[in-house]
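First comes the structure, then the notes that go with it.
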Amino acid sequence: MSTKSSEVPDDLEEMGKSKNMENHAGVSSFLIRQLGRDMSINCLLRLSRSDYGSVAALNQNFRSLIKTGELYQLRRKMGIVEHWVYFSCDVSTWEAFDPNRNRLMQLPRMTCNTCFMHSDKESLAVGTELLVFGREINGPAIYKYSILTNSWLKGEKMNTSRCLFGSASLGEIAILAGGCDKDGKIMSSSELYNSDTGTWEILPDMNIARKMCSAVFIDGKFYVLGGIGVDKTTQLTCGEEFDLETREWRIIPNMCPPRNEGDGVNGEAPPLIAVVKNVLYAADYAQQEVRRYVKDKNSWVTIGSLPERATSLNGWGMAFRSCGDKLVVIGGSSFHGGMVTEVNAWTIDDDEGAPYWNLLAIIQSGSFVYNCAVMGC
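In terms of this note's numbering, the sequence shown opens at residue 3 and continues consecutively.
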């Protein structure tokens with residue numbers, strides 16, 4: 003869990019004072035009576051997310067504080083972030099893994115119909131929500147899991163529904179770009195989702211339409227890499243950068259990590275990329291290598307190997323994600339009879355050395371990772 007500040011910002015203190023005034027007539031103005039509301043919240047902010055379920059069980063006041071999302075908003079403003087990994091190795095089951103405590107939790111069963119359950123799905127974690135994109139009989143649909151209520155709900159539809167898009171999140175916002183519409187047309191459009199308001203905003207189009215691309219945030223800017231072009235055969239090697247301040251896209255030639263020769267258009271997964279400490283990394287599943295992007299040279303260098311037991315099917319079935327100051331690889335293992343999922347992590351320091359992978363967990367959840375997202379809040 004990372005923190006940027008140990009003091010409560012002035013606007014948060016004013017928020018607390020206002021709430022105290024609203025509740026001054028009763029004991030409800032206190033969470034921990036001897037400390038008062040403001041100091042109580044200041045203490046709770048520093049607890050692990052794993053403890054919030056126990057806190058909510060204490061009484062109605064604590065439960066309300068957790069479910070309103072106020073604590074997570076304060077954590078965000080203070081730079082307190084804790085990353086958990088959410089993944090699915092079964093069409094009907096989602097699990098959460100806390101790498102700080104090596105704790106595995108099963109999420110409630112998704113309240114969706116059979117069509118959605120068995121459709122191809124994509125996922126994205128943003129704010130305190132996990133979004134899962136799929137298809138029902140009548141068309142595309144979104145379901146969202148909230149850590150505030152530990153439940154699934156139907157999500158708001160995008161302005162232009164899509165699949166096979168690139169996506170990434172930054173705090174309470176996420177951007178989705180490219181993909182295919184319901185008729186299979188490859189798109190250049192993009193949208194921004196705000197998890198605090200539950201709304202979608204149309205953004206300017208990319209310069210180049212693409213599907214099966216990947217996306218990340220670096221230094222506050224959104225990047226889309228690779229993908230397949232409008233002719234449905236060309237593997238794109240360029241990337242595009244979106245500046246949220248100027249709201250403009252910029253093409254970056256040859257930004258995509260080297261791809262494997264052969265039938266990539268027909269069966270290769272989108273680029274396996276992740277960002278730690280504003281440095282971009284890529285996994286080469288065929289060569290079992292990890293590469294680092296050298297931004298000022300617009301080039302890639304090989305820095306080491308993936309976990310030796312990591313397996314995938316042309317890049318599918320393996321997750322390569324950033325998780326705070328760690329790179330995490332989640333996937334089936336060539337050991338253990340091939341029916342388990344391993345979680346391996348490399349904590350990145352500043353010496354830029356070769357990856358050193360630590361096995362965090364062996365999970366009896368099957369060996370193919372269908373979807374994976376990391377939530378930091």
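Note that beta-carbon positions come from the ideal geometry of N, C-alpha and C, so glycine has one too.
- Taking a C-beta distance under 7 angstroms as the contact criterion, valine 226 and cysteine 215 qualify as a contact pair.
- Contact annotation: glycine 317 and glutamate 270 have beta-carbon atoms nearer than 7 angstroms.
- Nearest neighbour of glutamate 310 by Cα position, chosen from Glu131, Asp122, Ala347 and Ala276, turns out to be Ala347.
- Around the beta carbon of glycine 180, 16 or more other beta carbons sit within 10 angstroms, so the residue counts as buried.
- Setting aside the 5 residues that flank it on each side, tyrosine 358 is surrounded in the same chain by Trp348, each with a C-beta closer than 7 angstroms to its C-beta; the list follows chain order.
- Here the alpha carbons of glutamate 174 and arginine 48 stand approximately 20 angstroms from one another.
- Under the three-pair Cβ rule at 8 angstroms, the region 283-292 does not count as touching the region 236-243.
- Exclusion of the five residues before and after threonine 162 leaves Ser191 as the residues of its chain whose Cβ lies within less than 6 angstroms of its Cβ.
- Assignment of asparagine 102 by DSSP, reduced to helix, strand and coil, places it in the coil class.
- For phenylalanine 224, the enclosing beta strand (DSSP E) covers residues 223-227.
- With a threshold of 16 other beta carbon atoms within 10 Å, glycine 355 falls short and is exposed.
- Beyond the five residues adjoining it in sequence on each side, leucine 178 comes within less than 6 angstroms, by CB distance, of Phe167, Ser169 and Glu193 in the same chain, given in chain order.
- Non-local C-beta neighbours of leucine 274 in its own chain, meaning closer than 7 angstroms and more than five positions away in sequence, comprise Ala284, Ala285, Tyr287, Gly317 and Phe322, ordered along the chain.
- Uninterrupted beta strand (DSSP E) stretches at least 3 residues long and entirely within the region 280-323 occur at 281-286, 291-296 and 301-307, given in chain order.
- Proximity of the region 65-79 to the region 104-122 falls short of the contact definition, fewer than three beta-carbon pairs being nearer than 8 angstroms.
- Asparagine 61 and arginine 51 have their C-alpha atoms some 18 angstroms from each other.
- Each residue's CA atom was taken as its position, placing arginine 137 and leucine 37 some 50 angstroms apart.
- The alpha-carbon of cysteine 114 is positioned some 12 angstroms away from that of phenylalanine 135.
- Annotation: the region 141-201 contains the following complete segments of the beta strand (DSSP E) (minimum length 3 residues), in chain order: 141-148, 153-156, 168-172, 175-179 and 192-196.
- Taking a C-beta distance under 7 angstroms as the contact criterion, valine 128 and serine 197 qualify as a contact pair.
- With respect to leucine 109, tryptophan 96 sits close: the two C-beta atoms are nearer than 7 angstroms.
- Under the DSSP assignment, phenylalanine 370 falls outside any alpha helix (DSSP H); it carries neither an H nor an E label.
- Asparagine 102 and leucine 362 have their C-alpha atoms roughly 10 angstroms apart.
- A direct Cα-to-Cα measurement between threonine 304 and tyrosine 295 gives close to 9 angstroms.
- Of the residues assessed, proline 206 falls on the exposed side of the cut-off, its CB having fewer than 16 other CB atoms within 10 angstroms.
- Around the beta carbon of isoleucine 139, a 10 Å sphere encloses fewer than 16 other beta carbons of the protein chains shown; the residue is thus reported as exposed.
- For glycine 81, the secondary structure class from DSSP, reduced to helix, strand or coil, is coil.
- Annotated three-state conformation of lysine 213 is strand, per DSSP.
- The beta carbon of serine 369 sits closer than 8 angstroms to those of Cys91, Thr313, Gly319, Gly333, Gly334, Ser335, Gly340, Met341, Val342 and Thr343, all from its chain and outside the five residues before and after it, given in chain order.
- The criterion of a C-beta distance shorter than 7 angstroms is satisfied by leucine 132 and tyrosine 147.
- A check of alpha carbon separations from methionine 257 across Gly326, Ala217 and Ala211 identifies Ala217 as the nearest.
- The C-beta of leucine 73 has 16 or more other C-beta atoms within 10 Å across all chains shown, which makes the residue buried.
- Comparing alpha carbon positions, the residue from Gly200, Ile149, Glu124 and Leu150 closest to cysteine 165 is Glu124.
- Within the same chain, and ignoring the five residues on either side of lysine 159 in sequence, the residues whose Cβ sits closer than 7 angstroms to its Cβ are Ile144.
- Leucine 37 carries a coil assignment under DSSP once its states are collapsed to helix, strand and coil.
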